[in-house]
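Chemist: Quick note: the sequence shown, position 113, residue 1448 per my numbering, numbers continuous. Don't be surprised by glycine CBs; every beta carbon is placed ideally from N, CA and C. I have a structure I would like to understand better, so I am pasting it below and will then ask my questions one at a time.
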Amino acid sequence: MARKKRRQAHKDFLYFFLNDKLHKVIRKSRAKDELIAWCYLDKKRVMFSYSQVTKYMENAYSITETGKILGKHKVTIEDYILEGKIRRPQKVYPIGNPDSTWSKYMLSEKEIYELHEFILDSGHVSEMPSKTELTAILKHNLILYTKTEEGKFVPVWKAE
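What follows is the structure, encoded as structure tokens:
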């Protein structure tokens, strides 16, 4: 029983941001405390301490995942990027062929907050989570709702 309580859940991640640079995990070893990753901006392989990466990394989200979080379609988010309404996020490309035509945008949590702010400012707020709900979703916190007398569900936050 005690062993189950002490075990930590392994962070399973493939893409992550560290120092505002997008990385892809090539190999990781918790026993050796090393993580080898590809840095997309520098176009080179780098080695980090696994424990430091899990401590300081920021999650990377694809446009599809971002669309599910914000309640928007991925084409809408791609249009915002192509029209220059939001800052262009970093791209993922095949490591073996950097000149390939295939690529995919990956957004950091900071860029998701900027996108959320842009959508709220532009007035397209149907079915959008609030900023506190967005923070809870990105941090994987539990969101509790209570039903009001009118039948609406309102988020309830525990005091920290």
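Check the DSSP bridge columns for R1422 and list the partner residues they point to.
Modeler: Beta-bridge pairing links R1422 to no other residue.
Chemist: Evaluate K1407 with the Cβ neighbour count: other Cβ atoms within 10 Å of its Cβ, from every protein chain shown; 16 or more gives buried, anything less gives exposed.
Modeler: buried
Chemist: Does DSSP put E1452 in a helix, in a strand, or in coil?
Modeler: Three-state result, E1452: helix.
Chemist: Could you tell me which of L1349, D1368, K1356, W1373 sits nearest to N1432, measuring between CA atoms?
Modeler: W1373
Chemist: Give a single yes or no on whether S1364 has its beta carbon closer than 7 Å to a heavy atom of the ligand GTP.
Modeler: This structure lacks the ligand GTP, and indeed carries no ligand of any kind.
Chemist: Using C-beta distances below 6 Å, list every residue in its chain close to L1473, excluding the 5 sequence neighbours before and after it, in chain order.
Modeler: E1444
Chemist: With distance defined between alpha-carbon atoms, name the residue in S1364, R1365, L1370, E1452 nearest to F1351.
Modeler: L1370
Chemist: Does the distance from the CB of Y1391 to the CB of D1368 come in under 8 Å?
Modeler: no
Chemist: According to DSSP, is I1361 helix, strand or coil?
Modeler: strand
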